[in-house]
Structure formats: structure tokens, C-alpha cells
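Take a look at the structure below.
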């Protein structure tokens with residue numbers, strides 16, 4: 062229940078003919094409160110304007126004109142008091158609405174407008190306020206994580222400079238996820254040739270075959286050589302002899318690299334199945350499928366490997382889909398989308414544990430980094446005029462913020478516009494250095 066009591070007073074009990082500036086301001090406040098009542102009608106179910114109420118506003122009388130406003134926070138009505146007041150609810154609601162109409166008429170007269178114009182402006186203000194609130198909600202999806210957070214804070218993460226740094230970072234993320242019981246993972250690596258920087262834009266005129274041969278296969282093989290996916294101790298045998306043998310296997314797995322082999326799936330797709338056989342035994346074997354796409358064959362292969370690997374680690378590396386909607390209608394496989402949902406996406410299968418995305422926003426080189434278990438970290442490269450290498454100015458990755466969901470170019474643009482160091486575009490900064 063909500064009530065607004067708006068009173069006008071003068072010494073003679075009549076409405077003053079003239080309004081001073083303060084009076085106009087107070088009438089504006091009263092008009093705003095009227096809008097609050099309208100909003101309450103719109104958004105609070107079964108709300109009636111009656112007395113007593115949570116909000117009580119009274120404009121006090123003074124010797125000249127309207128001068129002050131009192132706000133009194135009263136106790137909300139109980140269900141029993143609401144029943145007692147039910148007989149007068151309609152009368153009080155009508156009385157208040159009449160007062161609202163009078164106030165709007167007075168404001169219209171003061172501003173030299175019609176009542177319809179005043180009501181139209183009020184509606185526009187409501188829409189603007191609604192839009193503003195929606196925009197604020199959207200911005201909350203991308204927040205800078207406070208420094209007081211614990212292990213969920215990913216601000217310490219860095220953008221890898223080359224393939225080796227990326228492999229080490231991805232290895233740590235995959236192992237953390239596996240220790241947390243995530244045995245089915247998706248990894249999206251930045252495809253970087255050996256000896257090249259992650260900042261460089263790669264071109265692949267040979268298509269998927271070249272991508273696999275020059276980057277996909279070597280990156281995945283190195284990742285599998287470094288990952289150690291030891292099964293949890295609680296899942297091992299409790300027999301004393303078995304425990305000793307298992308401990309020996311674990312030590313071998315830590316000290317010796319696995320035997321990594323690649324087997325092509327479809328050469329023209331540049332896809333392959335890469336396996337890492339652990340030195341200590343099959344319990345720590347790892348398997349990765351590289352460059353699978355939306356062909357039904359890969360769903361069959363994924364399902365088959367999922368059954369074979371059981372509790373062991375199985376990775377999908379740089380799959381050619383973003384989500385289940387990547388499976389469009391296919392007359393030769395009408396149920397492919399449904400099957401993809403069951404094989405890949407149901408039960409939180411194959412969640413992304415490491416992703417490095419590179420793209421452009423507002424002409425700036427940007428990077429979005431997902432490293433398990435942290436949120437997405439957003440970066441943009443900025444020139445450091447005090448440093449150069451080989452005649453070129455060194456660029457550093459500047460952290461912009463974090464996001465719960467995968468960021469978009471528009472969200473990057475919002476962050477860049479808020480940062481003073483990116484006030485000028487990349488081209489303008491280059492021109493300034495040349496002048």
C-alpha cells in the first residue's frame with residue numbers, strides 16, 4: 062500500500078496567484094512523486110493508493126507560499142488493516158488521482174504547455190529512465206573485479222607473448238579444471254606459428270590443412286606433452302600393493318613425458334585425433350580432437366571417444382562451432398542439432414577451460430582471455446614510446462576489465478572509450494608520434 066498526500070496552503074487557505082522560484086521547484090518535486098505513484102501502479106502487483114502508507118509527503122503551509130516538504134516513513138499496512146480500509150480504498154484512490162490531475166494542470170500552466178504535452182513528456186522520461194536502467198544492467202555484466210576477491214580474481218593473468226607462454230598458461234588451466242573433476246574440456250588456442258608472436262596477424266591461404274599443419278597440430282602436441290592428468294587418489298584401489306604400484310605410476314608420470322601420437326581423421330578438414338600415453342600407465346592418458354566441425358561424423362567420433370576415455374581427460378581443441386546454433390538445418394542430417402546438444406552440450410560437457418581470442422575493436426588490437434577458473438579478462442595493446450625493439454615500438458597489453466560472459470566488440474569499445482590512454486585512436490597516436 063502506498064499513499065501520497067499533497068496539500069496546498071496559504072494563510073487565507075487559497076492557492077496563491079503567484080509562484081516564486083522555490084514554489085515551482087517544490088511543485089516539480091510533487092510532480093515527480095506523482096510519477097512514482099504511476100510507476101508503483103505499473104510494477105507493484107495489486108498496489109492501491111490509500112492510507113496509511115509507506116510514503117507520506119506533505120507540503121507544509123507558510124506565511125507566503127509553498128516552502129517545504131516533509132517525508133514521513135510509516136508502518137506498512139497489515140492484511141487485517143487492509144481489509145478494514147477496503148471500503149474507502151476506491152474513494153481515496155479517486156481523490157488522490159483528482160489531486161494528481163490538478164497538479165499536472167498547474168504544472169502545465171506554469172510551463173505554458175497543455176496537459177497532454179506534460180503527460181507526453183512524463184511518459185518520455187519514464188522510457189528514458191527505463192532505458193538507462195537497462196543499460197546499467199548490461200554494463201554490470203562486465204565489471205572490474207575488486208582487489209578484495211580471492212582465487213576468483215584473475216587480474217594477475219597475463220597475455221601470452223608467444224606459443225610457449227600460451228601452452229604453459231593453457232596447461233595450468235586444463236590441469237586445474239581436471240583436478241576439479243572436469244574431464245571433458247574445450248580449449249581454443251590462438252593459432253600461432255613457431256617463433257611468431259601472438260600479436261601478429263596470421264594468414265592461412267592453405268585453409269584448414271595449413272592451419273592444422275603449421276599451428277593446430279604442433280600446439281596441441283606440445284600441450285599434451287605438458288599436461289599431467291593424474292586421477293584423484295580417492296578413485297584408486299585401497300589395496301596396499303595396488304597403492305604402492307599406483308604411487309610408482311604417479312611418480313613416473315610426473316618425471317617422464319608421455320608418448321604423443323597424431324592420427325588424421327579427415328585430411329581435407331585438417332582434423333586429427335592426438336593421444337598422449339602416460340609413462341606410468343593408461344590411467345593418466347589424455348586424448349584431444351583437433352578442429353572438429355559440424356559434420357555428423359565428428360559427433361559419432363566424439364561420442365565414441367567419450368565412452369572410451371571414461372574418467373580420463375578428453376579435449377576438443379579449436380572446434381569449428383561456437384554453440385549448438387552452429388548446427389543449421391541439414392536435409393541429410395535433420396536431427397544433427399539435437400544430437401549435438403546431447404553429445405557436446407548437455408550436462409555441461411566440454412566446457413571452455415582455456416580460450417584466447419584476438420580481434421579488433423575501434424581499430425585497437427584486443428585480446429579476450431578465459432583461463433579456468435577465472436572470469437574473462439579483457440585487454441588492449443598500447444604502444445610504449447619509451448621502449449623499442451628492432452626499430453619498432455614495443456606494445457604492452459593493458460587490462461581493461463573482466464566479464465562473466467564472453468565479451469563482444471561493442472563491450473570492448475565501451476571499455477576503450479572510458480580509458481584516457483585510448484582517447485585517441487591507434488592511427489591518431491601514430492600520426493602524433495610522427496609529428
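Numbering (the numbering used here), first residue to last: 62 to 496.
For glycine and all other residues, C-beta sits at the position ideal for the given N, C-alpha and C.
Exercise. Alpha carbon to alpha carbon, how far is residue 349 from residue 325? Give it in angstroms, no decimals.
Key: Here residue 325 refers to the residue found at position 264 when the chain shown is read from its first residue. Here residue 349 refers to the residue found at position 288 when the chain shown is read from its first residue. Between residue 325 and residue 349, the C-alpha separation is close to 12 angstroms.
Quiz item: Considering only C-alpha positions, which residue in the set 397, 387 and 322 is nearest to residue 358?
Solution: Sequence index remark: in the chain shown, residue 358 carries index 297 (1-based). Comparing Cα positions, the closest option is 397.
Quiz item: When burial is assigned at 16 or more other CB atoms within 10 Å of the CB, is residue 155 buried or exposed?
Solution: Residue numbering aside, residue 155 sits at position 94 when the chain shown is read from its first letter. Exposed is the call here.
Quiz prompt | the region 409–425 in contact with the region 474–492 per 3-pair CB rule at 8 angstroms | solution = yes
Quiz item: For residue 359, which three-state DSSP category applies?
Solution: Position 298 of the chain shown holds residue 359. Reduced to three states, the DSSP call for residue 359 is helix.
Quiz item: So, is residue 310 buried or exposed, given that buried needs 16 or more other C-beta atoms within 10 angstroms?
Solution: What you label residue 310 is simply residue 249 of the chain shown in a count that begins at 1. Burial is judged here by how many other beta carbons sit within 10 angstroms of a residue's own beta carbon; residue 310 has at least 16 and is buried.
Quiz item: Which class does residue 379 belong to by DSSP, given the choice of helix, strand or coil?
Solution: Residue mapping note: residue 379 aligns to position 318 of the chain shown, counting from 1. Three-state DSSP puts residue 379 in coil, outside helix and strand.
Quiz item: Between the C-alpha atoms of residue 322 and residue 281, what's the straight-line distance to the nearest angstrom?
Solution: Along the chain shown, one-based indexing puts residue 322 at 261. Along the chain shown, one-based indexing puts residue 281 at 220. The straight-line gap from Cα to Cα measures roughly 11 angstroms.
Self-check item: Nearest residue (CA-CA) to residue 268, options 258, 252 and 186
Solution: Numbered from its first residue, the chain shown carries residue 268 at position 207. Scanning 258, 252 and 186 for the CA closest to the CA of residue 268 turns up 252.
Practice problem: Enumerate, from N- to C-terminal direction, the unbroken beta strand (DSSP E) stretches of 3 or more residues contained entirely within the region 415–485. | Solution: 425–432, 437–450 and 453–464
Quiz item: Which of the three DSSP states, helix, strand or coil, is assigned to residue 246?
Solution: On the chain shown, position 185 is the one that residue 246 refers to. It is a strand residue.
Quiz prompt | DSSP state of residue 173 mapped onto helix, strand, coil | solution = For the purposes of this step, residue 173 is taken as residue 112 along the chain shown, with counting starting at 1. Looking at residue 173 - three-state DSSP - the assignment turns out to be coil, as it is neither helix nor strand.
Quiz item: What span of residues does the beta strand (DSSP E) with residue 220 cover, start to end?
Solution: Position 159 of the chain shown holds residue 220. Neither: residue 220 is in no beta strand (DSSP E) and is coded neither H nor E.
Quiz prompt | Cβ contact (3+ pairs, closer than 8 angstroms) linking the region 336–348 and the region 364–376 | solution = yes
Exercise. Determine, using beta-carbon pairs with one atom in the region 281–290 and one in the region 231–246, whether at least three such pairs fall under 8 angstroms.
Key: The region 281–290, when compared against the region 231–246, does touch it at the 8 angstroms Cβ threshold.
Quiz prompt | Beta-carbon proximity list for residue 240, same chain, < 8 angstroms, skipping 5 on both sides | solution = By one-based count along the chain shown, residue 240 stands at place 179. Once the five neighbours on either side are set aside, the close Cβ partners of residue 240 are 293.
Quiz prompt | Where the beta strand (DSSP E) through residue 350 begins and ends | solution = Here residue 350 refers to the residue found at position 289 when the chain shown is read from its first residue. Residue 350 -> beta strand (DSSP E) spans 347–351.
Quiz prompt | Where residue 335 falls: helix, strand or coil (DSSP) | solution = The sequence position of residue 335 within the chain shown is 274, counting from 1. Reduced to three states, the DSSP call for residue 335 is strand.
Quiz item: Apart from the five residues just before and just after residue 501, which ones in its own chain have a Cβ nearer than 7 angstroms to its Cβ?
Solution: It is not possible to answer for residue 501, since the shown part of the chain is limited to 62 through 496.
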